[in-house]
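>
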Amino acid sequence: MRFKAPTLAACTVFCTVLLATSASAAPQNQQVYAPSSSTTPSATSIGTDDMERMLAERNLLSHIDNVRQNVSTKASEIVVTAMGFLGVPYRRGGNSAETGFDCSGFVRAIYEQSLGMVLPRRAEQQAAATENIDKSDLQPGDLVFFNTMRRTFSHVGMYVGDGKFIHSPRSGAEVRVESLSVAYWKRRFDGARRVARPADAGAAQASLQQRLTSAAMQIQAEQESLYRH
């Protein structure tokens with residue numbers, strides 16, 4: 003079975019279930035993105051009814067209903083795209099639903115296929131290129147990071163609301179939704195970060211190279227320190 007992101011039309015239809023009242027009262031600080039016309043999501047083999055059934059089987063429809071009041075239309079597109087990848091197997095270095103995803107490849111695919119935004123490839127690079135926020139300020143579409151390999155920002159997922167996140171966890175597993183309150187993830191939580199809004203794109207782009215350079219220098223310094231010892 004081929005897994006692809008839902009089309010914008012499918013998102014629109016399914017959002018009537020996902021976000022019945024999303025047109026009203028979106029938070030003022032919620033991101034609003036402009037998808038690139040060159041990255042319009044392709045048609046999906048998962049229809050609206052199939053997706054709704056799949057979410058119901060995974061006990062996610064009630065969760066979505068709980069958060070619908072607080073999610074903007076653009077955020078809903080991100081969430082719907084992510085949910086369309088449920089069940090895709092993990093693959094180290096994977097970038098597509100056809101071959102499988104690793105954690106950062108999954109997050110990158112969500113943003114590229116739903117909003118036409120291209121994030122850096124690796125989890126630590128995604129952390130360096132995004133804005134640090136408090137855990138209490140998390141909104142659907144924000145990124146959540148974990149220390150799962152004895153180094154910071156070694157795992158990434160996407161927050162979907164109600165204390166839950168979606169991610170591609172590890173070899174032998176598949177894309178799934180889990181709770182941030184689970185002891186394993188709670189102990190390893192490494193921070194929440196937000197992708198810059200288009201209005202902030204200029205400033206974000208100006209500082210991106212500086213952030214990446216700083217991160218690279220820090221990694222190099224750590225490696226040199228280990229080598230000396």
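Quick note: the sequence shown uses this note's numbering, first residue 3, plus one each step. Just so it is clear, CB atoms sit at the ideal spot from N, CA and C, and this is done for glycine as well.
On the criterion of 16 or more Cβ atoms from any shown chain inside 10 Å, does Pro43 qualify as buried, or is it exposed?
Model confidence at Pro43 stands at a pLDDT of 38, short of 50, so the residue's coordinates are unreliable and nothing is read from them.
> Our contact map puts Arg123 next to Arg110 with C-beta atoms below 8 angstroms; I'd like the distance itself, whole angstroms only.
Indeed, because the Cβ distance is near 6 angstroms, the residues count as touching under 8 angstroms.
> Where do the ends of the alpha helix (DSSP H) carrying Ser106 lie?
Taken as a continuous stretch (DSSP letters only), the alpha helix (DSSP H) holding Ser106 covers 105-117.
> Which stretch, first to last residue, makes up the alpha helix (DSSP H) that contains Arg195?
Where Arg195 is concerned, there is no enclosing alpha helix (DSSP H), although the beta strand (DSSP E) it sits in stretches over 191-196.
> Does the segment 142-160 come close enough to the segment 85-94 to have 3 or more Cβ pairs within less than 8 angstroms?
No: the two stretches stay apart, fewer than three of their Cβ pairs being nearer than 8 angstroms.
> Once DSSP output is grouped into helix, strand and coil, what is the label at Met151?
Note: Met151 maps to coil in three-state DSSP.
> In the DSSP output, which residue or residues are listed as bridge partners for Pro91?
Per DSSP, Glu176.
> Consult DSSP for Leu228 and reduce its assignment to one of helix, strand or coil.
Three-state DSSP puts Leu228 in a helix.
> Is it buried or exposed, Asp136, if we count other Cβ atoms within 10 angstroms and call 16 or more buried?
Flag for Asp136 reads exposed.
> Which value, in whole angstroms, describes the spacing of the CA atoms of Ala99 and Gly165?
Using only the alpha carbons, I get a separation of about 25 angstroms.
> On the three-state DSSP scale, how would you describe Ser181?
Strand, per DSSP.
> In whole angstroms, what is the alpha-carbon distance linking Arg172 and Cys105?
Arg172 and Cys105: Cα-Cα distance of roughly 8 angstroms.
> How would you label Met85, buried or exposed, when you count the other beta carbons within 10 angstroms and need 16 or more for buried?
Buried is the call here.
> The alpha helix (DSSP H) with Glu126 in it runs from where to where?
Here the alpha helix (DSSP H) through Glu126 covers 125-130.
> Skipping 5 residues on each side, what residues in its chain have a beta carbon closer than 7 angstroms to that of Gly102?
For Gly102, where only same-chain residues beyond five positions count, the Cβ hits under 7 angstroms are Val90, Pro91, Tyr92, Arg93, Gly96.
> Please list, in chain order, all residues of the same chain as Thr129 whose beta carbon is under 7 angstroms from its beta carbon, the five residues on each side excluded.
Checking the displayed sequence, the identity of residue 129 turns out to be Ala instead of Thr. Same-chain partners within the cutoff: Phe147, Phe155, Arg195.
> Nearest by alpha-carbon distance to Thr132: which of Asp139, Ser138, Leu121 is it?
For Thr132, the nearest C-alpha among the options comes from Leu121.
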